[in-house]
Amino acid sequence: MDSNIDYSKYSLVELIDVRENIDREAYPDRFNEVNRLITEQMLEKNRTIEQTKDSAGCLAYVIGGMSFIPLIGVLFGIIAIVWGFKVKHSKLKYVGSAGILFTVILYGSLGYFGFVQEDGVYDELRATMAKTQLTSAVQAIEFYKVQNGSYPESLEVLQKSLPENSMVFLNDSTQVNMGEVKLYYYEVINENSYHIRSYGRDGLINTPDDILPNPIMNVGLIADYQVESGL
Numbered sequence: 001m002d003s004n005i006d007y008s009k010y011s012l013v014e015l016i017d018v019r020e021n022i023d024r025e026a027y028p029d030r031f032n033e034v035n036r037l038i039t040e041q042m043l044e045k046n047r048t049i050e051q052t053k054d055s056a057g058c059l060a061y062v063i064g065g066m067s068f069i070p071l072i073g074v075l076f077g078i079i080a081i082v083w084g085f086k087v088k089h090s091k092l093k094y095v096g097s098a099g100i101l102f103t104v105i106l107y108g109s110l111g112y113f114g115f116v117q118e119d120g121v122y123d124e125l126r127a128t129m130a131k132t133q134l135t136s137a138v139q140a141i142e143f144y145k146v147q148n149g150s151y152p153e154s155l156e157v158l159q160k161s162l163p164e165n166s167m168v169f170l171n172d173s174t175q176v177n178m179g180e181v182k183l184y185y186y187e188v189i190n191e192n193s194y195h196i197r198s199y200g201r202d203g204l205i206n207t208p209d210d211i212l213p214n215p216i217m218n219v220g221l222i223a224d225y226q227v228e229s230g231l
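Structure below.
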């Protein structure tokens, strides 16, 4: 070397700065020495990064695997993704993302098969709810007549007459199409009687899955009224 300066103590940034300011022709040995040290430090830095990835490997993949646990796995998936970005580990990011996607797909499927698919596990619950709501609707219809002297022409009319926080629900609970709100089927038969029912799961009137209200004595409800097909 051309001097007694110990460049081995220099950082990578300092070595690069020195190399840029060395007169290569005047101090060729110094330039070569600095260049060698830069190469060594860059290789060492790359090895450190790889070792960091390897050290993260086992635990990281355990956390990544836990991201496939339904629901709570979302948290582990986020941790895996953040960790993957921190150590620049692409596979870890992919595993975390896949775990989160798994939860989304799983619960989306459960929601479909439970709430949307015909004969899903919640069909019976919706039918029971419809029975209860129909009973409440009958009470509201009778109260409307007491106040107005006649039965409401439609459920829309009845709905407008209800107080703001009324517990009477006139939307057919058996319908699962979120884009469409459908009221229960209602028909005024004459001035003293009427009929109300749920369309049932298929959304069609006068089919086997229609849900009829429980008969109530001394009111105008005709629970077993035969509705004309096609309505």
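Taking UniProt numbering, the leading residue of the sequence shown gets 1, the next gets one more, and so forth. Heads up, the beta-carbon is just placed ideally off N, CA and C, and yes, glycines get one too.
Item to check | Length of the line joining the Cα atoms of Glu-33 and Asp-6 | outcome: Roughly 10 Å separates the two Cα atoms.
Checklist entry - Would you call the segment 121 to 134 and the segment 95 to 105 in contact, with 3 or more CB pairs under 8 Å? => result Inter-segment contact for the segment 121 to 134 and the segment 95 to 105 is absent: fewer than three beta-carbon pairs are separated by less than 8 Å.
Next on the checklist: Three Cβ pairs or more, each shorter than 8 Å: is that satisfied between the segment 199 to 208 and the segment 156 to 165?
Outcome noted: Under the three-pair Cβ rule at 8 Å, the segment 199 to 208 does not count as touching the segment 156 to 165.
Item to check | DSSP three-state assignment for Ile-222, whether helix, strand or coil | outcome: coil
Next on the checklist: Shorter than 6 Å, the distance from the beta carbon of Asp-17 to the closest heavy atom of the ligand SAH, or not?
Outcome noted: Judged by which ligands are present, the structure shown has none, so any question about the ligand SAH falls away.
Checklist entry - From what residue to what residue does the beta strand (DSSP E) around Asn-165 run? => result No beta strand (DSSP E) holds Asn-165; DSSP gives it neither H nor E.
Checklist entry - What residue from Val-138, Lys-145, Ala-130 has the CA that sits closest to Ser-173's CA? => result The residue with the shortest Cα to Cα distance from Ser-173 is Ala-130.
Checklist entry - Who are the Cβ neighbours of Val-146 in its own chain at under 7 Å, not counting the five residues just before and after it? => result none
Next on the checklist: Do Ser-136 and Gly-96 count as a contact pair if the criterion is CB distance below 7 Å?
Outcome noted: no
Checklist entry - If we ignore side chains and look at the alpha-carbon of each, how far apart do Asn-148 and Asn-171 end up? => result Straight-line Cα distance between these residues: approximately 23 Å.
Item to check | Euclidean distance between Cα positions of residue 304 and Gly-77 | outcome: Outside the modelled stretch of the chain, which goes from 1 to 231, sits residue 304, for which no answer is possible.
Next on the checklist: Just verifying my parser: in three-state terms, what is the DSSP assignment at Ser-97?
Outcome noted: In the structure shown, Ser-97 sits in a helix (DSSP, three-state: H, G or I).
Next on the checklist: Quick check on Arg-197: does DSSP put it in helix, strand or coil?
Outcome noted: strand
Next on the checklist: Taking a contact to mean a Cβ-Cβ separation below 7 Å, would you say Leu-155 touches Tyr-107 in this structure?
Outcome noted: no
Next on the checklist: Please classify Ser-8 as buried or exposed, where buried requires at least 16 other C-beta atoms within 10 Å of its C-beta.
Outcome noted: exposed
Next on the checklist: If the criterion is Cβ atoms closer than 7 Å, does the pair Val-227 and Ile-205 meet it?
Outcome noted: yes
Next on the checklist: According to DSSP, is Glu-191 part of a helix, a strand, or is it coil?
Outcome noted: DSSP places Glu-191 outside both helix and strand once states are collapsed to three, so it counts as coil.
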